[in-house]
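Each remark here refers to the structure printed beneath this line.
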């Protein structure tokens, strides 16, 4: 059985040289900017919640943003914005998938 490709990309709040990325609310800001990009498109009030395609999280004590691969298919420019944010700020990025709790 072939392994399926990762469904999420984790943009971690740690730079490649190991420093914690600042400001401390960077993940919420990035996810807030992306809130309109969601299945079915932006709806009235959608800016009041995070998109399921771009969600801030804390994993193993590290602040991160989980970006779902569906965003790449639905909104390539939004995907590029997230990936360029990570690259421009020298943030660590990992592919994987979240497991249900």
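Residue numbers (the numbering used here): 93 to 193. Even for Gly, the Cβ is constructed at its ideal location relative to N, Cα and C.
Cβ-Cβ distance between residue i and residue j below 8 Å
i, j, result
"residue 158", "residue 147", "yes"
"residue 103", "residue 183", "yes"
"residue 105", "residue 119", "yes"
Proximal residues to residue i (C-beta, below 6 Å), its chain only, five neighbours per side dropped
i, result
"residue 181", "none"
"residue 134", "128"
Between the CA atoms of residue j and residue i - distance to the nearest angstrom
i, j, result
"residue 142", "residue 116", "18 Å"
"residue 127", "residue 186", "22 Å"
"residue 169", "residue 179", "15 Å"
"residue 174", "residue 107", "15 Å"
"residue 171", "residue 109", "24 Å"
"residue 125", "residue 152", "24 Å"
"residue 121", "residue 137", "17 Å"
"residue 140", "residue 165", "23 Å"
Proximity winner among the options, relative to residue i (alpha-carbon distances)
i, options, result
"residue 111", "186, 166, 155", "155"
Sequence-distant residues of the same chain with beta carbon closer than 8 Å to residue i, five excluded per side
i, result
"residue 144", "130, 131, 160"
Contact set for residue i: own chain, Cβ-Cβ below 7 Å, skip 5 residues either direction
i, result
"residue 167", "129"
"residue 113", "105, 106, 107, 181, 183"
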